[in-house]
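Take a look at the structure below.
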Amino acid sequence: MLINKKVIIIGGGPAGIATAIQLKRYNINALIIEQNQLGGLLKNAYKVENYLGFPNGVSGSELTDIFSNHIIKKNIEVLYDKVIQLLFEKDKFCIQTCKNKLESEIVVIASGTKPKSINNIYDNNIFDRIFYEVYPLRKIKNKTIGIIGAGDAAFDYAMTLSEKNKVIIFNRGENEKCLPVLFKLAEKQDNILYLKNYKLIELKKNKEKLLSVFNQNNTIQKFTFDYILFAIGREPQLDFLSDGIKPHIDSLIKNHKLFLIGDVKNGIFRQASIATANGIEAGMLISVHPQNLKLKCF
Ligand SMILES: Cc1cc2nc3c(=O)[nH]c(=O)nc-3n(C[C@H](O)[C@H](O)[C@H](O)COP(=O)(O)OP(=O)(O)OC[C@H]3O[C@@H](n4cnc5c(N)ncnc54)[C@H](O)[C@@H]3O)c2cc1C
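The opening residue of the sequence shown carries number 1 in this note's numbering; numbering runs sequentially from there.
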């Protein structure tokens, strides 16, 4: 069945949620398509200390629960499905998801980022032991976890996991690239060990565990873990863009038919407040554009 909507938002993280809520203020009912669950990447955050209104900080999962409740309260429609292709044909967007086909006049891409991976050092048979976000591991306890990376995400994930597990953070270089406050917190945790100059070179299954092999200043070091969590950077998630749409992106954006908002386009400025501000701005631009004023009655 073909679903027809005036405005479709790809991604139900902070940016997509803020867009839908802003549009609702103008009586424009947008549809959010979310492949996973509402809240996006922020649900992984150990403690969010820079979001207005939470002077004592708030965990990412608590904050994203508040966002999800806001969506429910505003009766905003969410389709839980994965967008696999976005096309633009005959003056409208065609969106192919895993289970549905949709059309719309306006599309807001708020799909965030995807993790960078190094999959040339391990086989398919260990996929169930390898993670790129901490959220799926948040309930585990009494395990030993290796975290690869030394940025904000690596130390943030370590804080979450160290409450009930042992964690080792491996930096392939000399300097960590994380907020000083986060580093100090991690330093105080007995369950976190931080090692510098360890480059992961191989990962393989060893019975029910993972054997990980590191090069440390030209000597081989081996560790056994229950899980490995990669935090080695992220890049824009735009896998669903069809080749046909790519040359037209700039003009579609200029004409306020297509919006790219939040982490997907914010480079190093990947923060929840910036993403939500982008969403509010997109909602306002959609509402005031003369071409789109007619949407308000839908
Ligand atoms: C560990 C950690 C700690 C952080 N701490 C803070 C902090 O303290 N303060 C702060 O401001 N920010 C923090 N951030 C950053 C913050 O999480 C992001 O800036 C914010 O979530 C970006 O929102 P977004 O909506 O642009 O993207 P995302 O949150 O990434 O949301 C994108 C959504 O799109 C969905 N999606 C992607 N592709 C598709 C598809 N093909 N089909 C359907 N759905 C799709 C995804 O499932 C996801 O839900 C932290 C991030 C991490 C990882």
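Using N, Cα and C, we set each Cβ at its ideal position, and we do this for glycine too. This one's a predicted model, so the numbers in the text were calculated from it and none came from an experiment.
Residue i - containing alpha helix (DSSP H), residue span
i, result
"residue 60", "60-73"
"residue 187", "180-187"
"residue 281", "272-288"
"residue 254", "249-254"
Three-state class that DSSP yields for residue i in the structure shown
i, result
"residue 22", "helix"
"residue 54", "coil"
"residue 212", "strand"
"residue 146", "strand"
"residue 46", "coil"
"residue 171", "coil"
"residue 192", "strand"
"residue 38", "coil"
"residue 126", "helix"
"residue 33", "strand"
"residue 230", "strand"
"residue 161", "helix"
"residue 201", "strand"
"residue 246", "helix"
"residue 267", "coil"
"residue 155", "helix"
8 Å contact criterion, which residue i and residue j should meet: CB distance rounded
i, j, result
"residue 109", "residue 259", "7 Å"
"residue 147", "residue 167", "6 Å"
"residue 196", "residue 215", "Not really, about 13 Å apart at Cβ, beyond 8 Å."
"residue 156", "residue 182", "6 Å"
Status (buried if at least 16 other CB within 10 Å, exposed otherwise) for residue i
i, result
"residue 298", "Confidence at residue 298 is low in this model, with a pLDDT of 39, below 50, so the placement of that residue should be treated as unreliable; the coordinate-derived value is given next. Exposed."
"residue 28", "buried"
"residue 273", "exposed"
"residue 52", "exposed"
"residue 34", "buried"
"residue 174", "exposed"
"residue 225", "buried"
"residue 162", "buried"
"residue 2", "exposed"
"residue 349", "The first residue shown for the chain is 1 and the last is 298, placing residue 349 beyond what the model contains."
Bounding residues of the beta strand (DSSP E) (the contiguous stretch that carries residue i)
i, result
"residue 222", "219-225"
"residue 132", "Segment: none, residue 132 is in no beta strand (DSSP E) and carries neither H nor E."
"residue 8", "2-10"
"residue 238", "Taken as a continuous stretch (DSSP letters only), residue 238 belongs to no beta strand (DSSP E), as it is neither H nor E."
(request) Can you check the segment 83-123 for any beta strand (DSSP E) of at least 3 residues that lies completely inside it and give the ranges in chain order? (result) 83-89, 92-97, 101-109, 113-115
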